[in-house]
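A short worksheet on the structure shown next.
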Amino acid sequence: MILLIKKNNLLTLLEALLIIAILMVYIFSFLIVSNNAAEKTLNGDHEYSILIQIDEKKLYLYEDGVCIKQYPIASGRPDLPSPIGDWEITDKGKWGKSFGGRWLGLNVRWGSYGIHGTTNQNSIGRAASHGCIRMYNKDIGELYDIVSLGTPVIIRNGPFGPFGTGFRNLRPGDRGADVLAVQEKLKTLGYFEDAVTGIYENNLKNALYEFQKDHGLKLKFTITLADYNAMGFREFE
């Protein structure tokens, strides 16, 4: 009799815990839906996107496909280029003074890149950053309040796709859309077998060496115009 009572108590306790767990799932789901709804309400159910033209040093904000704002920017230096490609905002934060108090992080594979403010206002309009997009602090504050997580960010620089305004010599340690393009090309040609990351590391050195050897090219770690051309890249494409 005592064992039966204890068994019934245990079943009652398990049922209570199951009910509590189900309630917590419903509450958590409700909070997520409410948060998404609040964000949509804040943005007025509009769809926003960002186009950054590096060669123009301009950021264009689109609402439902119509450009509603444009802002001057600073971009990455030639040796530390901004990431050309199609990205989205995956992080929003109120960072410190050196970032102008606001940060919009992008899902770039080869490093931490984003849109932010700056303490060096004179850099706006120039290629001056380590790859991030700088804005005037008042501008990033305005943009931060408009866009949400998931907002598309398209970065372009000149007519040559991932190569921007032309080929640059690539060296070990370099990062960028051009490194990514070279990795993808060598992978297609059967020389590069690892994950495509956009970072020039030892695995790319090895692939480049084999490619250069097979194509009668000078053996070196720097990727130059001769290597690009042998891979089939042309600046006029």
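For the sequence shown, the numbering used here begins at 52 and goes up steadily by one.
Just so you know, even glycine gets a beta-carbon here, dropped at the ideal spot from N, CA and C.
- Judged by beta-carbon spacing, Gly-249 lies within the 7 Å limit of Val-230, meaning their Cβ atoms are closer than that value.
- According to DSSP, residue pairing for Arg-185 in a beta bridge involves Ala-125, His-167.
- When the five nearest sequence neighbours on each side are left out, the beta carbons in the same chain lying within less than 8 Å of the beta carbon of Phe-262 are those of Leu-237, Leu-240, Tyr-242, Leu-268, Asp-278, Ala-281, Met-282, in order along the chain.
- Here DSSP, grouped into helix, strand and coil, assigns Gly-192 to helix.
- According to the DSSP assignment, Asp-265 belongs to no beta strand (DSSP E) but to the alpha helix (DSSP H) extending over 253–265.
- In terms of Cβ geometry, Ile-135 and Asn-220 do not form a close pair [threshold 7 Å].
- Asp-115 sits exposed, since fewer than 16 C-beta atoms from the chains shown fall within 10 Å of its C-beta.
- Residue environment analysis places His-167 among the buried positions, since at least 16 neighbouring C-beta atoms fall within 10 angstroms of its C-beta.
- In this structure, DSSP gives Val-117 an extended state, which the three-state scheme calls strand.
- When DSSP reads this structure, Val-204 sits in a beta bridge with Ile-101, Trp-138.
- Restricting attention to Asn-254, Ile-184, His-266, the CA atom closest to the CA of Tyr-164 is found in Ile-184.
- Here Pro-123 is actually not in contact with Ile-205; their C-beta atoms are around 18 Å apart, not less than 8 Å.
- The C-beta of Gly-127 has 16 or more other C-beta atoms within 10 Å across all chains shown, which makes the residue buried.
- Rounded to the nearest whole angstrom, the C-alpha separation of Lys-108 and Ala-258 is 35 Å.
- The beta carbons of Asp-245 and Asn-254 sit closer together than 7 Å.
- Contact check for Lys-120 against Leu-131 fails: the beta carbons are separated by 7 Å or more.
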